[in-house]
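Presented below is the structure to which this report refers.
Protein chains in written order, with the numbering used here: chain A, 1 to 559; chain B, 560 to 871.
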């Protein structure tokens, strides 16, 4: 019998690659290593470029062979690769941020090393960040108040500047705030009264007593506001008058003189004189402005606070919408729906929905939420605005519609993750609960949901991460290049879901590629990108922290 | 000719010599056909013929808490239980034994209608608990399950504290009176011989307990609602011998207070712990009587062959 059996040869393990499989270990490990390297590289690149933006760089003065002189920061160097390259006129060169937009129309300039005749580091070279027209590089010359020369020479000017500038700047900011905020508030009240008149006209006819009363109220309000505006005018005139005449003169590298109004200087510093502590102080003060202020100069300078606010509120409202809908839908699909072709079809459809390009959701949001739902709401509740000045309230893009569109976009992620989490709850738990006489809903609420909650939270985290970084659909349903009125603020009723808003991801696109001044804004692009990544990471960390808390609470329930 | 004698899992060939072709019991109902060993009920069952169960008079003399009445059950088109008729005595421990796949667990899960959750299940016949029909359309299945307690093969404590696990059935009934909950918790844990081990860590997660403790916790949870019948589905199969011993001791203590219907694979456990034993094979009840009778002088040779370990 045994002689019929084919001989079985025992092969040496060393000869068999598939058995021991070290190459496969190396292959899988290498794949992971490459993936990690790519992610770390991406983050490191963004972090280095983003964090470096606000660090003061030393300034150099270049005298060129053609007689010109430049004062600026070297931001990039390009080495001549070969001698032949040098021979054909491609020498080493450097990119200098000259801040000479007024003179040359450029913020940056490439200088060939061969064209440089002298390099100096002037002690008093000053970077002036102006409220309008960008940067200026120069050396302080004189500080004037009207005809009177208050100070002369770099040192004297600088000391006087340090003394006078904070007051002048705060006066300018106060006047600006009155113009932007207080006057806007008065206009809003006036418009509300106007709308009340129109509404009364719609409700009671143009000749009704209510209409007349509303008109009377509008009239009296207009008088009050006229008085208030006059006092605002006086206040701004006083503030601006106090600043008038204060001018700082800077000597530009080409020998000219640039005069800058004192209150038009946001900040100025001499990078070549800064100690480390002063550099740090400047660095953080610029970060502070970036995080807390409104943007200036077509978003290329100043802060991004409205965009941070818009991104965070939109993401949170989206999560608020998507979490209950997604979880309830997944509960029905997994716990109640029978197994059959329809359930399978629904499940497949949901999975496919996750792969639909996001702009499609944007088009749907615009077409349905804004133009159908929003227009309907306007027609019912905000007709006065349409009649008065043709302005839609909900019938255009806004925070609410953007959040809903993104909720729709991320719904499949939440449903799929929740279903996974629900199916991971062992059936023995459900049976144990049923055997105790619990109903289906009691079992779901007391046993299944707590067990599945960490998984559901994971899905929600993924959804938030995806939603916070989405740009394409938002462009259609409410994100604007500039929207200084925040969707959630201190003005009654505090939440304004109809308002358009700013978004960091859209800001990256806008500043980087749509700005007329994109060259100057390039460092900002990386900073905003870094900020966006940081905010999404922060939201995720918060959600993960919440998840671990819930996990602890539900596993070891205290009483 | 003996091909059909081979049960689905393990052959009974080892038992063949122990089943002589003489000594046919007089109460044999499945009419044997010519040419087949007439007394071989297992073969007849495997061939799909009706075989009358051998139910001892001692069982019928007991007052029943649960009556299974001509109960048939199908999974889709496959019939899993064939005309089971058996009374389960009040305040006694009844063990269901039989080889794997014989329908013991299915029968147990039919008692509290857990099989309702399986879509393809179809049944005929009925069961009655203390006279109330279990499969009556008017019977509220949630109400029904509250009258029974069940313990599963693998311990399945809920992801909550020990305390909340025990009082779960009261919680879902909306009981919020702390005094009542505390009393029930202590009584149930004492009843499950667990109180002394866990009384200082009631608020801790039940998932941190050992397997044997978890199973006793499940028993505490099952007896917290004062069930009319306690269903144990192989309660020791996932436990080590020491934990098994503790559960068996516990079953001994429950004896007389609760009516217990227990599925087990372990013959020693059945003989040690139960008052009555039912032997099932391929979805049919074969013999049912007092445990001492089943293990020492069964009426049927097939039963003897199974309980002495010669097949199954």
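Idealized CB from N, CA, C, for every residue including glycine.
- Here the alpha carbons of residue 470 of chain A and residue 217 of chain A stand approximately 46 Å from one another.
- A direct Cα-Cα distance of roughly 22 Å separates residue 798 of chain B from residue 783 of chain B.
- For a Cβ distance threshold of 8 Å, residue set 717 and 718 of chain B lies close to residue 447 of chain A, ordered along the chain.
- For residue 219 of chain A, the enclosing alpha helix (DSSP H) starts and ends at 209-243.
- Within the segment 671-699 of chain B, those residues whose Cβ lies closer than 8 Å to any Cβ of chain A are, in chain order, 671, 673, 676 and 678.
- A Cβ-Cβ contact shorter than 8 Å links residue 652 of chain B with residue 810 of chain B.
- Using a CB distance cut-off of 8 Å, residue 704 of chain B counts as an interface residue toward chain A.
- A distance below 7 Å between beta-carbons, with the five flanking residues on each side excluded, links residue 160 of chain A to the following residues of its chain, in chain order: 143, 150 and 151.
- Residue 854 of chain B has a beta carbon lying at 8 Å or more from every beta carbon in chain A.
- Residue 673 of chain B is positioned such that its CB atom lies no closer than 8 Å to that of residue 821 of chain B.
- Taking 8 Å as the cut-off, the beta carbon of residue 645 of chain B is found no closer than this to the beta carbon of residue 849 of chain B.
- The beta-carbon of residue 709 of chain B is placed less than 8 Å from the nearest beta-carbon of chain A.
- In summary, residue 800 of chain B is exposed, with fewer than 16 beta-carbon neighbours lying within 10 Å of its beta-carbon over all protein chains present.
- Residue 487 of chain A sits in coil when the DSSP states are folded into three classes, being neither helix nor strand.
- Closest option to residue 788 of chain B, judged by alpha-carbon separation, among A:435, A:266, A:323 and A:522: A:435.
- Interface with chain B (8 Å Cβ-Cβ cutoff): residue 450 of chain A is included.
- In the DSSP annotation of this structure, residue 473 of chain A is not part of any beta strand (DSSP E); the continuous alpha helix (DSSP H) holding it starts and ends at 472-476.
- By the C-beta density criterion, residue 433 of chain A is buried, having at least 16 other C-beta atoms within 10 angstroms.
- In the structure shown, residue 441 of chain A adopts helical secondary structure according to DSSP, grouped into three states.
- The continuous alpha helix (DSSP H) containing residue 165 of chain A extends over residues 154-177.
- Shortest Cα-Cα distance from residue 67 of chain A to any of A:281, A:391 and A:254 involves A:254.
- Straight through space, the alpha carbons of residue 638 of chain B and residue 866 of chain B are spaced by roughly 25 Å.
- Note that the C-beta distance between residue 707 of chain B and residue 670 of chain B is below 8 Å.
- Cβ-Cβ separation between residue 326 of chain A and residue 260 of chain A: approximately 55 Å, too far for a contact (criterion under 8 Å).
- Listed by position along chain B, the residues whose Cβ is nearer than 7 Å to that of residue 438 of chain A are 731.
- Take residue 164 of chain A, set aside five residues on each side of it, and the residues of its chain with a beta-carbon closer than 7 Å to its own are 246 and 262, in chain order.
- Residues of chain B with a Cβ closer than 8 Å to the Cβ of residue 339 of chain A are, in chain order, 678.
- Listed along the chain, the chain A residues whose CB falls inside 9 Å of the CB of residue 817 of chain B amount to none; the nearest CB is some 15 Å away.
- For the C-beta of residue 701 of chain B, the chain A residues within less than 7 Å are, from N- to C-terminus, 437 and 439.
- Judged by their CB atoms, residue 50 of chain A and residue 530 of chain A are nearer to each other than the 8 Å cut-off.
- The Cβ atoms of residue 310 of chain A and residue 59 of chain A do not sit closer than 8 Å to each other.
- At a beta-carbon threshold of 8 Å, none of the residues of chain A lie near residue 749 of chain B; the nearest stands roughly 19 Å away.
- When Cβ-Cβ separations below 8 Å define contact, residue 634 of chain B makes no contact with chain A.
- In the same chain as residue 421 of chain A, and ignoring 5 residues on each side of it, the C-beta atoms closer than 6 Å to its own belong to 452, 455 and 456, in chain order.
- Residue contact with chain A for residue 780 of chain B: present (Cβ-Cβ distance below 8 Å to some residue of chain A).
- Taking C-beta atoms as the reference points, residue 239 of chain A and residue 188 of chain A fail to come closer than 8 Å.
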